[in-house]
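Read the structure below first, then the notes.
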Amino acid sequence: MDEEDTLVLSQTVEGEEIAMLLMIELVANAPLSYRDRVQVPDFRLDILSMPDGEAKDQFRFITSDLQGLVRYLRIPDPVITKEGVRATALEALAVCLRRMAFPQRWIDMAGMFGRAPSTLCHIFYFVVEHLDKTFAELLYFDAVRIAKNLDRYCQAIAAKTPAYIEGVWGFIDGTVRPICRPGIGQQAVYNGHKRVHAFKFQTVVAPDGMICHVYGPVDGRRHDIYMLRESGLMSLLEGNDVFHNSTSTAPTNIRRILWHDTLEKAAASKRQPKPKLSCAAKQSKKNS
Numbered sequence: 001m002d003e004e005d006t007l008v009l010s011q012t013v014e015g016e017e018i019a020m021l022l023m024i025e026l027v028a029n030a031p032l033s034y035r036d037r038v039q040v041p042d043f044r045l046d047i048l049s050m051p052d053g054e055a056k057d058q059f060r061f062i063t064s065d066l067q068g069l070v071r072y073l074r075i076p077d078p079v080i081t082k083e084g085v086r087a088t089a090l091e092a093l094a095v096c097l098r099r100m101a102f103p104q105r106w107i108d109m110a111g112m113f114g115r116a117p118s119t120l121c122h123i124f125y126f127v128v129e130h131l132d133k134t135f136a137e138l139l140y141f142d143a144v145r146i147a148k149n150l151d152r153y154c155q156a157i158a159a160k161t162p163a164y165i166e167g168v169w170g171f172i173d174g175t176v177r178p179i180c181r182p183g184i185g186q187q188a189v190y191n192g193h194k195r196v197h198a199f200k201f202q203t204v205v206a207p208d209g210m211i212c213h214v215y216g217p218v219d220g221r222r223h224d225i226y227m228l229r230e231s232g233l234m235s236l237l238e239g240n241d242v243f244h245n246s247t248s249t250a251p252t253n254i255r256r257i258l259w260h261d262t263l264e265k266a267a268a269s270k271r272q273p274k275p276k277l278s279c280a281a282k283q284s285k286k287n288s
């Protein structure tokens with residue numbers, strides 16, 4: 001390498017160093033990429049002073065009902081989350097109900113409750129986990145309430161069906177809840193039918209609109225039949241005489257069943273309609 005080549009190389013290196021120094025200077029003086037601290041109003045929402053109409057719009061319950069729910073749901077007072085956040089039981093319930101009443105971001109609720117978004121998130125999950133832990137058996141299957149209203153449920157459904165379907169007391173189905181695409185193992189939660197990454201839940205809804213059974217979540221790729229088998233609901237119904245033996249208000253040969261619109265097999269405690277195309281005589285009779 002001659003002297004001319006050496007000079008050109010040294011100038012190139014110096015140019016790259018200068019460019020690097022300029023870049024470092026620009027980055028150092030650039031504004032921070034993360035957002036500024038959220039300004040939270042310095043107050044606390046006085047729920048008890050809210051008019052009943054406003055409380056019902058915001059939480060779907062009037063103030064007196066909110067106080068009753070705090071007692072019935074056994075929410076501790078005060079609420080102290082694992083992160084150290086403190087709140088009254090009434091405020092914690094209101095945060096949970098407001099979050100569930102209408103889809104919104106935590107930052108949108110900050111101005112209403114005078115709490116930081118992260119604080120509201122901690123309070124919400126404390127209440128949800130408390131309810132799931134305290135009322136796990138009722139969430140799985142509310143057997144006592146269903147048994148008391150079983151005949152009434154069957155009669156209500158029969159009265160609404162032109163062909164007078166007897167013995168159906170509820171409707172079971174799977175629900176797909178979309179989620180963000182996981183970075184690892186996304187195939188397990190991908191639902192090919194809905195074409196989304198999701199979790200699935202199984203629920204049973206009674207004619208009065210109450211959800212009397214919840215199971216899940218399971219991977220979004222799973223079929224409804226898999227959830228039905230894994231939930232153990234069929235074994236529970238088959239082992240309970242209330243869902244097999246009739247009372248004086250119904251014929252003795254009628255079994256209490258659940259109706260599912262997509263299951264491919266009929267079992268002792270569920271029924272599904274047969275396709276109209278190429279129905280045999282026995283299947284046509286079942287549809288009617």
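Taking the numbering used here, the leading residue of the sequence shown gets 1, the next gets one more, and so forth.
Ideal Cβ positions, reconstructed from N, Cα and C, are used throughout, including at glycine.
Between the alpha carbons of residue i and residue j, how many angstroms are there, rounded?
i, j, result
"Asp42", "Leu73", "29 Å"
"Met234", "Ile225", "11 Å"
"Ala296", "Val40", "The chain is shown only over 1 to 288; residue 296 falls outside these bounds and no answer can be derived."
"Ala136", "Glu129", "10 Å"
"Ile62", "Ala188", "43 Å"
"Cys212", "Ser49", "34 Å"
"Cys154", "Asp132", "29 Å"
"Gly114", "Leu45", "7 Å"
"Val214", "Met20", "59 Å"
"Thr119", "Phe243", "46 Å"
"Ile172", "Pro117", "36 Å"
"Gln104", "Ala87", "21 Å"
Can you tell me whether residue i is buried or exposed? The criterion is at least 16 other CB atoms within 10 Å of its CB, across all chains shown.
i, result
"Leu263", "Note that Leu263 scores 48 on pLDDT, short of 50, meaning its location in the model is unreliable; the coordinates nonetheless yield the value given after this. Its Cβ being crowded by 16 or more others within 10 Å, Leu263 is buried."
"Ile123", "buried"
"Ala147", "exposed"
"Val204", "buried"
Spatial neighbours of residue i within its chain, please: C-beta separation below 7 Å, excluding the five flanking residues on both sides.
i, result
"Phe59", "Leu66, Ala94, Leu97, Arg98, Ala101"
"Thr247", "Any reading at Thr247 needs caution, since the residue's pLDDT is 49, under 50, leaving its predicted position unreliable; the model's value is listed next. The residues are Asp151."
"Tyr190", "His197, Gly220, Arg221"
"Leu236", "Phe141"
Taking residue i and residue j to be in contact with their CB atoms under 8 Å, please state how far apart those CB atoms are, rounded to whole angstroms.
i, j, result
"Val168", "Trp106", "Wrong, their Cβ atoms sit about 42 Å apart, outside the cutoff."
"Ala92", "Ile75", "6 Å"
"Gln202", "Met227", "4 Å"
"Leu206", "Gly174", "A small fix is needed here, since residue 206 is Ala in this sequence, not Leu. The Cβ separation is near 17 Å, so there is no contact."
"Thr161", "Phe126", "Contact flag wrong, Cβ pair sits at about 44 Å."
In chain order, what residues of the same chain have a beta carbon less than 6 Å from the beta carbon of residue i, not counting five sequence neighbours either side?
i, result
"Asp108", "none"
"Ile47", "Leu90, Ala94"
"Val218", "Lys200, Met227"
"Ser231", "Gln202, Tyr215"
"Arg181", "His197"
List the residues that DSSP assigns as beta-bridge partners of residue i.
i, result
"His213", "Val204"
"Thr175", "Phe201"
"Arg86", "Ile80"
Within the same chain, show all residues whose beta-carbon is closer than 8 Å to that of residue i, passing over the 5 residues directly before and after it, in chain order.
i, result
"Ala89", "Val70, Ile75, Pro76, Asp77, Pro78, Val79"
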